Amino acid sequence: MHFRLTVLLGLYALAIASPLLFAWHYFGNPRDILQELGTILGMLAFAMILSEFALSGRMKSFSERVGMDATMRFHRIIGWLALSAALLHPFFYESTPSGGLFPWDSSREFSVTSEFAAIATGVVALVLLPALIVLAVWRSALDYRYEVWRRLHGILAAAIALLLLHHTLEAGRYAMHKNVALLWQVLTVLALLSLVYRYLLVPLRQRSKPWKVSRLERLTDKQWQLCLQPAGHDGLFYKAGQFAWIKVGRSALSIAENPFSIASAPASGSELSFVIKELGDFTSTLSEIEVGTTTYVDGAYGSLTVDGRGEPGVVLIAGGVGIAPMLGILRQMQQTKDARKLKVIYGNREESQIVCADELSCVDTTFVVQEPEAGFEGTVGIVDAKMLDGCLNSEQLASWLFVLCGPAPMMEAVETYLKVRGVSDDRLLCERFNYD
Ligand SMILES: Cc1cc2nc3c(=O)[nH]c(=O)nc-3n(C[C@H](O)[C@H](O)[C@H](O)COP(=O)(O)OP(=O)(O)OC[C@H]3O[C@@H](n4cnc5c(N)ncnc54)[C@H](O)[C@@H]3O)c2cc1C
């Protein structure tokens, strides 16, 4: 795991540094160290911003290998790093002569431009970039609709990329070489094309593979089971535990889509089932969905899957609706008569929130409830270190695979506990239900 992570980070660092290395190849004679540092920071910031288009969690192969959680965390870290580098880079040019192109400096080696348009696009990008990050980080606190945020995030990101391209081509020293300029143009076009692919080409492809709502069932007060049947095609190729983005009753081209873990098993046929909790705009209208409603599915994504793992057993730990991907894994293991041992730990605040209790009772499941009714036979409390200590044995801790999905505080407590008990990162698969 550490080796794979190191290799991935190394490859990423190389990709980010490649425009700079490419530029150095054409300009062998670096400038004064401070000016050069300014340029390095500016170029790295631009490369990181362009890479964010690929790190949006919507590249299937990436999300399957690296995982949605890790991808989104990385996306956020890179956002902050790019912002810091972009904000810092102008300060390094403070003592550099500025003005138009000096006759003694035709390759802008010792001077910087003061041309209004070249500077202005950089300044506007520098204002928009923190705005984009603030809107993303404090989205919940600012309390505006998720779809509005997604649209705004995409539009602002595209605008920043274009502004930075102009700034780089007009103000950058290295971009004065036509090959370096071409590289930046190609990279920017690729980044923008990723949006066209995601929001136009993928939806157009989805149009030829519609789904129909086949069943809708209330499981608990606020949780529903939604089932989809492929309409005139073979369905979706997925692994148990993965998730898909769905658009129920909307146009394939609509930007409004929601990610849900697939709770069905690939081995049980082409019908997909989801366990969905009422939360906001879309999920609180679930009761109004009619059987037969056309739906579009984009998937499968995510790395929360036990396929191909060699551990002798699997522990599934879920909190609330985090049980959805676990049901997929559990069902697949049962359908395929998987020889691995299985243990489920399923936490809820109230007993009435437990879904699929009969099915889960057929395997080794510990139900954990915080506020039980009289007569509850499971474990009272929350899924924390103390509870896990009484529930997991040394063999499980030493060699089994742990799969986690649930609310953030539970995930943090469980992850910390497992690490303290010696469970290595490569025996820990996690998914958080947020995509911000
Ligand atoms: C990988 C993944 C798997 C998930 N699996 C499940 C599942 O199996 N069952 C389940 O009940 N929930 C699941 N969720 C959460 C689910 O996507 C959100 O609860 C749902 O999209 C809320 O939509 P809404 O319109 O009702 O809420 P809104 O009122 O629009 O938003 C409430 C909150 O839900 C989140 N959210 C809203 N829309 C989206 C969106 N399009 N994409 C991502 N997050 C969004 C945001 O954090 C938002 O603040 C999963 C989320 C992710 C990222």
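Under the numbering used here, the letters of the sequence shown match residues 1 to 436, in that order.
We put the CB at the ideal spot given by N, CA and C, even for glycine.
Note that the structure is a prediction, hence the values are computed from the model and not measured.
Own chain, CB closer than 7 Å to residue i, minus 5 neighbours either side, in chain order
{"i": "A181", "result": "L169, A175"}
{"i": "M411", "result": "L404, C430, R432"}
{"i": "V275", "result": "L219, Q223, Q225, A263, V321, I323, A324, L327, V355"}
{"i": "A45", "result": "A82, A85, A86, H89"}
{"i": "L253", "result": "P203"}
{"i": "H167", "result": "A118, T121, G122, A125"}
{"i": "A231", "result": "P210, W211, K212"}
{"i": "G299", "result": "L236, Y238, Q242, F243, A244, W245"}
Three-state class that DSSP yields for residue i in the structure shown
{"i": "I33", "result": "helix"}
{"i": "E217", "result": "strand"}
{"i": "E52", "result": "helix"}
{"i": "Q223", "result": "strand"}
{"i": "W211", "result": "strand"}
{"i": "Q370", "result": "coil"}
{"i": "I276", "result": "strand"}
{"i": "G10", "result": "helix"}
{"i": "N258", "result": "strand"}
{"i": "E311", "result": "coil"}
{"i": "A300", "result": "strand"}
{"i": "W245", "result": "strand"}
{"i": "K343", "result": "strand"}
{"i": "E351", "result": "helix"}
{"i": "A47", "result": "helix"}
{"i": "T168", "result": "helix"}
{"i": "P230", "result": "strand"}
{"i": "I317", "result": "strand"}
{"i": "F237", "result": "coil"}
{"i": "V423", "result": "coil"}
{"i": "E115", "result": "coil"}
{"i": "F402", "result": "strand"}
{"i": "T365", "result": "strand"}
{"i": "L429", "result": "strand"}
Alpha-carbon spacing of residue i relative to residue j, whole angstroms
{"i": "C227", "j": "G122", "result": "49 Å"}
{"i": "A53", "j": "D389", "result": "The displayed chain sequence assigns Phe, not Ala, to residue 53. Approximately 42 Å, taken between the alpha carbons."}
{"i": "E278", "j": "G320", "result": "12 Å"}
{"i": "A23", "j": "W80", "result": "25 Å"}
{"i": "R4", "j": "L201", "result": "32 Å"}
{"i": "A171", "j": "A118", "result": "5 Å"}
{"i": "L360", "j": "I323", "result": "10 Å"}
{"i": "V137", "j": "A256", "result": "20 Å"}
{"i": "G302", "j": "V213", "result": "23 Å"}
{"i": "S251", "j": "M387", "result": "46 Å"}
{"i": "A413", "j": "S352", "result": "24 Å"}
{"i": "I33", "j": "W211", "result": "59 Å"}
{"i": "M59", "j": "M333", "result": "27 Å"}
{"i": "T416", "j": "Y346", "result": "18 Å"}
{"i": "E94", "j": "P407", "result": "48 Å"}
{"i": "E217", "j": "T283", "result": "13 Å"}
{"i": "V7", "j": "A13", "result": "10 Å"}
{"i": "T437", "j": "R198", "result": "Beyond the ends of the chain as shown, which are 1 and 436, falls residue 437; an answer cannot be given."}
{"i": "V189", "j": "I160", "result": "13 Å"}
{"i": "H25", "j": "L128", "result": "32 Å"}
With 16 other Cβ atoms within 10 Å as the buried cut-off, status of residue i
{"i": "N393", "result": "exposed"}
{"i": "H89", "result": "buried"}
{"i": "S261", "result": "buried"}
{"i": "R349", "result": "exposed"}
{"i": "G269", "result": "exposed"}
{"i": "T366", "result": "buried"}
{"i": "P130", "result": "exposed"}
{"i": "T285", "result": "exposed"}
{"i": "G292", "result": "exposed"}
{"i": "P266", "result": "buried"}
{"i": "S56", "result": "buried"}
{"i": "I77", "result": "exposed"}
{"i": "F376", "result": "exposed"}
{"i": "L9", "result": "exposed"}
{"i": "A191", "result": "buried"}
Neighbourhood of residue i by C-beta distance below 6 Å, restricted to the same chain and skipping five residues each side
{"i": "G241", "result": "L304, T305, P325, G328, I329"}
{"i": "K343", "result": "V315, D364"}
{"i": "Q370", "result": "R349, I382"}
{"i": "R309", "result": "L401"}
{"i": "L132", "result": "L156"}
Beta-carbon proximity list for residue i, same chain, < 8 Å, skipping 5 on both sides
{"i": "A47", "result": "A15, I16, A17, S18, P19, L20, L187"}
{"i": "P409", "result": "none"}
{"i": "H2", "result": "D425"}
{"i": "H75", "result": "E52, L55, S56, G57"}
{"i": "L397", "result": "L418, R421, G422, V423"}
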